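The numbers in the sequence shown follow the working numbering, run straight up by one, and end at 278. Read through the structure below, which is laid out as structure tokens, and then see the notes.
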Amino acid sequence: MSNNLFLRGVLLLGFALLMFKLIVTGQIQQLIAPKMFPFIYFAMSVLFILGIIQIWRSDHKENAVYCECGHHEKKHPFQSLIVSVLFIVPVITGLMFSSQVLDSSVAAKRGVQIGRQPENNVSSDDGTQYLTELSQNETEKNPIEKSMNKKQLTEALTSTKKVVFTNENYLAILEIIHNNVKRFTGKEIELVGFVYREPDFVKEKAVIARFVVTCCVADASVYGMLASGEQLKQLNNDEWVKVTGIIDKTNYKGNILPCIKIKTVKKVKQPNEPYIHDTAL
-2 MSNNLFLRGV LLLGFALLMF KLIVTGQIQQ LIAPKMFPFI YFAMSVLFIL
48 GIIQIWRSDH KENAVYCECG HHEKKHPFQS LIVSVLFIVP VITGLMFSSQ
98 VLDSSVAAKR GVQIGRQPEN NVSSDDGTQY LTELSQNETE KNPIEKSMNK
148 KQLTEALTST KKVVFTNENY LAILEIIHNN VKRFTGKEIE LVGFVYREPD
198 FVKEKAVIAR FVVTCCVADA SVYGMLASGE QLKQLNNDEW VKVTGIIDKT
248 NYKGNILPCI KIKTVKKVKQ PNEPYIHDTA L
């Protein structure tokens, strides 16, 4: 029996099982955006099929490497061992350990986007759809519909008493408030995120932020809003909080930015889906 072919089959099955484990446990959402899921399903299926084929073929092929001249030679055992270890280690570690959610240490290296600037090629009244999850009772009190473009969402938010961030409208609301600071000054706001402070921040100032993922965690960026209040003094970086307050404006590094004047802060558990997924691209 060809040991090489059998080992390759086991490794392919191992990678397929690793993907299956990430999907079943929901940890896949901490690594890639939902729009990438179909590719993962396809890759998992292909790896599983190829693994079965390799194991089946191991009963019929000799452990030999053929060259173009027609001769063949056996692989050196040490060479095979090194190659195998390179693939075995990630499979075993992936199956044994859970994925780690990005934290403020990553935010410090990548920087934090305060608010969100619109894309240069997108106008403020484009047809991009922003979804919100509202119960029937909330919809009766809130004019925000389930699907509307940016201009409609801006008008809807202007007429609401409280601006509430959700996973679906997070980036859209950040952009709208950032570009209409005066229009939203004095309006009540509610936001869930983790606490992050720049090195020059005082204790009563922080950014309430979320990681935004376009395709995978490798391209994750940090977006959030400045917040200030005595309640922040008791909070440390990476603690998840739900804050309510009033939108105000502040001067930060020469830029006029929206800021939350905090009324209440409540510590909360990290959401099951800690990342915001950017579906614009």
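We put the CB at the ideal spot given by N, CA and C, even for glycine. For clarity, every value in this text was computed on a predicted model and none was experimentally measured.
Straight-line Cα distance separating residue 56 from residue 217: 45 Å
Outcome for residue 249 when other beta-carbon atoms lying within 10 angstroms are tallied against a minimum of 16: exposed
The stretch 249 to 262 / the stretch 222 to 229 touching (three or more Cβ pairs under 8 Å): yes
Segment contact, 8 Å Cβ cut-off, at least three pairs: the stretch 147 to 161 with the stretch 201 to 214: no
Nearest-angstrom Cα separation, counted from residue 100 out to residue 255: 23 Å
Closest residue to residue 206 among 39, 179, 168, 50 (Cα-Cα distance): 168
Beta-carbon proximity list for residue 275, same chain, < 8 Å, skipping 5 on both sides: 30, 168, 209, 210, 211
Proximity of residue 203 and residue 257 at Cβ, strictly below 7 Å: no
Helix, strand or coil at residue 35 according to DSSP, with G and I counted as helix: helix
Residue 193 versus 156, 1, 236, residue with shortest Cα-Cα distance: 236
Three-state secondary structure assigned by DSSP to residue 26: helix
Inter-residue Cα distance where the pair is residue 43 and residue 195: 45 Å
Between the CA atoms of residue 41 and residue 174 - distance to the nearest angstrom: 41 Å
One or two residues paired with residue 175 in a DSSP bridge: Paired residues: none, contrary to the question.
Beta-carbon spacing of residue 188, residue 103 below 7 Å: no
Contact under 7 Å by Cβ, residue 26 with residue 185: no
Same chain, Cβ closer than 7 Å to residue 164, neighbours up to 5 away in sequence not counted: 270, 273
DSSP state of residue 245 mapped onto helix, strand, coil: strand
Inter-residue Cα distance where the pair is residue 182 and residue 234: 27 Å
According to DSSP, residues forming a beta bridge with residue 213: 29
Three-state secondary structure (DSSP) of residue 42: helix
Exposed unless 16 or more other CB atoms sit within 10 angstroms - verdict on residue 86: exposed
7 Å Cβ cutoff met for residue 88 and residue 15: yes
Residue 143 (DSSP reduced to helix, strand or coil): Note that residue 143 has pLDDT 49, beneath the 50 cutoff, so the model's placement of it is unreliable and no number is given.
Residue 108 burial status per 10 Å Cβ neighbour count (16 or more: buried): exposed
Nearest neighbour of residue 221, chosen from 162, 111, 36 [CA to CA]: 111
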